[in-house]
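If you read the sequence shown in this note's numbering, its first letter stands for residue 587, the second for the next number, and so on.
Every residue gets a Cβ at the ideal spot worked out from N, C-alpha and C, and that includes glycine.
Since this is a predicted model, take the numbers as computed values, not measurements.
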Amino acid sequence: MRTGVTQLLSDDALQVASQHVERSLGLHFPEPRYAELERALVCATNELDLSGPEALVGRLGADRLSQREIEVLAGQLTIGETHFFRDRPVFDTLENEFLPPLIASRRQSQPYLRIWSAACCTGEEAYSLAILLHRLIPDWHDWNITILATDINPVFLDRAASGRYRPWSFRSTPDWLQAEYFRPGPDDTVDLLPEIRRMVTFSYLNLVDATYPSPATNTNAMDLIMCRNVLMYFAPDRARVVVRKLVNSLVEGGCLLLSACEASTGLFEGLPVERTPAGFAYCRATPTPPALASPRLRESRARSRPPRADQEGALSRTQIVFKALLAKEASHPAIQDEQVDGEAGAAYERASCLYSEGHYPDAIRELQAVDDRDELSLAALVLAARACANAGELEQALSWCVEAIMRDRADPAPHLLQASVLQELGRDAEAVSALRRCLYLDANRVLAHFNLGNLALRKSDRKTAAKHFRHARDVLASCPTDSVIPDSGGLTAGRLDQLIVSLLKGLERDAA
């Protein structure tokens, strides 16, 4: 029981709120932080114009919060404290040790980089990464550079997308930063150069959701993930789940960087981590050896071994027990669970287990080992393409997409996935063609409209981008707000509509 303060909510009510905030947002508010939680609930109540904080707690306890209510509450519970090039040793390590060999290697093969600033707040970290790459790669225009910045707070995301900052964001930064990369704005603000601002894509993402890693949310095959100063606010079990999902979002050789103050050994559950001047770093090496695979996978392999003579006929058919595009990938109705005989079915089941646990290279090898690829189902071909995309093997992913399309030309899902892979390869014109084929097969495929808008935006074709975004909103108008968009990795119609509204506002702001 708190003493010495005026309580608007009972400790029982705050306990209910704490439990549901942790479940929906991952944020941990034990009893010593009840006063902080209460202040956030009161502020959110006022912003939402509810009758009182009790009403908000009641909606929380009944799991009846709308997406906007969740976002408003998240905005009150999260802290927007950051600045450009925060923790200089982090960026020194990236500039001098991690990025140069990666850039040199990619320059000899495919000139691309994929970086994710998770829990990006108001964008200073993501833009610092963009500026760093701009200085390290003189011919950056010829590269396919992805810098994804995500956060749960839509107010932060809107401020970040504007690229406008006040002096407080530049404390402890070198003089050249503002001189070279910013221009004066109104009321003692400065505006980031548009060419740097366009290097970063801002998007809503709740780290406790199941929407990543996935090509649909562009959270797959990352070379570097920065997730700093956020997991300290999570309950330990939630933080461990988030770390595992972030690890699964890396390519082999990719690096996850956490701040030194939050990366306890327990978060990595036995994964090898290194303490550096930049904080705690985990670099994803080779796939998990079969001996370390999960019990579910070992059980799957045991079931799929050839039967002994006295067991002949006991394993008549292999039942595929995973969704065609897996639990975290919303399935298109044309790709259904199948009963598949023999080697192909057993390989698909094992690959599904491996994929769901983030072992993408192993999943690929299981499907590649099938002697007759014609025996693989459409779902297996799509799974192979997704696994390759998540592992950063984009050319292989493209090959599997083509096989899936040849298997069933009338299914729009492989065309949509093919477009995502082509976009990651920087082959935007081909990606546009794939998206148009997808829409020919299904004119209401909302992600195809949305991705066409994003591709137009990359070319600074604001008029075409706005047209496609409005088409997407027209389709979404007929969808329940809580319905999951096909092939989106769990994104709801309401959330996608809000993302599009934010993008359209940005286009209007740029035109002004």
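Item, Value
"Are the CB atoms of Met785 and Ile733 nearer to each other than 7 Å?", "yes"
"With DSSP run on the structure shown, which of helix, strand or coil describes Asn730?", "strand"
"Hey, is the segment 765-783 in contact with the segment 712-729, meaning 3+ C-beta pairs nearer than 8 Å?", "yes"
"State the Cα-Cα distance for the pair Ala877 and Val776, rounded to the nearest angstrom.", "Note that Ala877 scores a pLDDT of 34, beneath 50, so its modelled location is shaky and nothing firm can be said."
"Going by other Cβ atoms of all chains shown within 10 Å of its Cβ, with 16 needed for buried, is His727 buried or exposed?", "exposed"
"Can you say whether Ile665 is buried or exposed, counting buried as having 16 or more other CB atoms within 10 angstroms of its CB?", "exposed"
"Can you give the Cα-Cα distance for Asp1131 and His1035, rounded to whole angstroms?", "Any answer about residue 1131 is impossible in this case: the structure gives the chain only from 587 up to 1098."
"Does the beta carbon of Ser604 come closer than 7 Å to any beta carbon on chain B?", "Of the chains in the structure shown, none is chain B; there is only one protein chain."
"Can you tell me which of the three DSSP states Tyr1026 falls into?", "helix"
"Which of the three DSSP states, helix, strand or coil, is assigned to Leu817?", "helix"
"According to DSSP, is Gly647 helix, strand or coil?", "helix"
"Thinking Ala999 and Leu1008 are a contact (beta carbons under 8 Å), I'd like their distance in whole angstroms, please.", "With 8 Å as the limit, Ala999 and Leu1008 do not qualify as a contact, their Cβ atoms being about 15 Å apart."
"Could you round the C-beta distance between Ser938 and Leu969 to whole angstroms and report it? I think they count as a contact, below 8 Å.", "7 Å"
"Hey, would you say Ala1015 sits closer than 7 Å to Gln1004, going by beta carbons?", "no"
"Would you say Ala825 and Leu817 are within 7 Å of each other, going by their C-beta atoms?", "yes"
"Is the distance from the Cβ of Phe670 to the Cβ of Ser755 below 7 Å?", "yes"
"Among the candidates Val829, Gly839, Thr862 and Cys841, whose CA atom is the shortest distance from the CA of Glu855?", "Val829"
"Contact check, Ala746 vs Thr787 under 8 Å by CB: the rounded distance?", "Their Cβ separation, rounded to whole angstroms, is 11 Å, which puts Ala746 and Thr787 out of contact at 8 Å."
"State yes or no: is the C-beta of Leu836 within less than 7 Å of the C-beta of Met808?", "yes"
"Check the C-beta distance from Ala975 over to Ser1006 and give it rounded, since I have them as a contact under 8 Å.", "7 Å"
"Starting from Val741 and walking both ways along the alpha helix (DSSP H), at which residues does that stretch end?", "Pro740 to Ser748"
"Can you have a look at Ser800 and say buried or exposed, based on whether 16 or more other CB atoms are within 10 angstroms of its CB?", "buried"
"With three or more beta-carbon pairs closer than 8 Å as the criterion, would you say the segment 628-639 touches the segment 668-683?", "no"
"Only counting the same chain, and skipping five residues up and downstream in sequence, which positions put a Cβ closer than 7 Å to that of Ala1079?", "Leu1062, Cys1065, Pro1066, Thr1067, Ser1069 and Ile1071"
"Val828 by DSSP, collapsed to three states: which one?", "helix"
"What is the C-beta distance between Gly944 and Asn834, in whole angstroms, given that I count them as a contact (C-beta under 8 Å)?", "3 Å"
"Taking just the CA atoms, how far does Ala735 sit from Leu623?", "26 Å"
"From the DSSP secondary-structure annotation, give me the bridge partner or partners of Glu860.", "Ala867"
"Span of the beta strand (DSSP E) holding Thr787?", "Val786 to Tyr790"
"Which of helix, strand or coil does DSSP assign to Phe670?", "coil"
"For Gly865, which option in Ala846, Ala821, Leu853 and Leu743 has the closest C-alpha, if you only look at C-alpha atoms?", "Ala846"
"Provide the residue(s) that pair with Asp994 in DSSP beta bridges, ordered along the chain.", "Answer by DSSP bridge pairing: none, since Asp994 is not bridged."
"If distances are taken between C-alpha atoms only, which option among Ser963, Asp997 and Phe742 comes closest to Ser1088?", "Phe742"
"Below 7 Å between beta carbons: does that hold for Leu1085 and Ala1052?", "no"
"Applying the 10 Å Cβ sphere with the 16-neighbour rule, what's the burial state of Asn682?", "exposed"
"If I measure Cβ to Cβ from Ala1108 and keep anything under 7 Å in the same chain, skipping five residues before and after, which residues do I get?", "Since the first residue shown for the chain is 587 and the last is 1098, residue 1108 is missing from the structure and cannot be characterised."
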